[in-house]
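J.: Residue numbers (the working numbering): 598 to 816. Glycine included, each C-beta is placed from N, C-alpha and C at the ideal position. In this text, all values refer to a predicted model and were calculated from it rather than measured experimentally. Below you'll find the structure I mean.
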């Protein structure tokens, strides 16, 4: 039915919005165990009170895992358009949601972390999870920092400390967690051998080329 198709389209838009939040903002996917017990939030559990839209900018202010305080502004027209279409109230209702017709009424339904991971696997065509975004982003932050340090002639131990700290700050983690769980160790090993990513290239391609030893230009 037309209503069913509209609901399915709305759900996919909500899933895409959650993925975009993780991609652009390095948010965790979120889960009930975080939002309920620890009052921590992620892409799927953000509440409407956490989101403010101003033009093409989306400001997110919320508490993340382990009590980390997030205050992040994303300049993203697509996300701004999505959130502008979400009701402002109830303030504690899910921010990432989609409309569902219930008789003559329209209700708004949130999405789950499991649904996001299923969506990622579907669109990527391979096993891919929300955590992979943060792993890539944490590795990227470290790799870019190491490349800048290499260019400036910084010493190895100090350069590594700075890189790990850059990754931790982006992810709102401790340096220990960032290094052990999110930074690809190959980036650190390659730096010790004098190999860093090319800062003049498109970042994703440059990091892929560094990690695989390829030119990164293949399609």
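I'd like the list of long-range same chain contacts for residue 689, defined as Cβ closer than 7 Å, with 5 residues on each side in sequence excluded.
T.: These residues qualify, in order along the chain: 644 and 646.
J.: Our contact map puts residue 666 next to residue 660 with C-beta atoms below 8 Å; I'd like the distance itself, whole angstroms only.
T.: About 6 Å separates the two Cβ atoms, so the contact holds.
J.: Can you say whether residue 642 is buried or exposed, counting buried as having 16 or more other CB atoms within 10 angstroms of its CB?
T.: With 16 or more Cβ atoms within 10 Å of its Cβ, residue 642 is classed as buried.
J.: Which residues in the same chain have their Cβ closer than 6 Å to the Cβ of residue 807, if we skip the five residues on either side of it in sequence?
T.: Answer for residue 807: 794, listed in chain order.
J.: Beta-carbon separation of residue 804 and residue 756 under 7 Å?
T.: Against a cut-off of 7 Å, the Cβ pair of residue 756 and residue 804 comes out as no contact.
J.: Start and end of the alpha helix (DSSP H) containing residue 735?
T.: Run containing residue 735: 727-749, per the alpha helix (DSSP H) assignment.
J.: Within the chosen definition, does the segment 736-750 reach the segment 782-802 through at least 3 CB pairs nearer than 8 Å?
T.: Cβ pair count under 8 Å is three or more, so yes.
J.: Pull up the CB-CB distance for residue 603 and residue 694, whole angstroms please, since I reckon it's below 8 Å.
T.: Going by Cβ atoms, the distance from residue 603 to residue 694 rounds to 14 Å, so no, they are not a contact pair.
J.: Using alpha carbons as the reference points, say which of 669, 638, 692 and 670 lies closest to residue 680.
T.: It is 692 whose Cα lies nearest to the Cα of residue 680.
J.: Excluding the five sequence neighbours on either side, which residues of its own chain have a C-beta within less than 6 Å of the C-beta of residue 760, listed in chain order?
T.: These residues qualify, in order along the chain: 739, 742 and 743.
J.: Is residue 687 helix, strand or coil when you go by DSSP?
T.: Three-state result, residue 687: coil.
J.: Just verifying my parser: in three-state terms, what is the DSSP assignment at residue 659?
T.: Correct three-state label for residue 659: strand.
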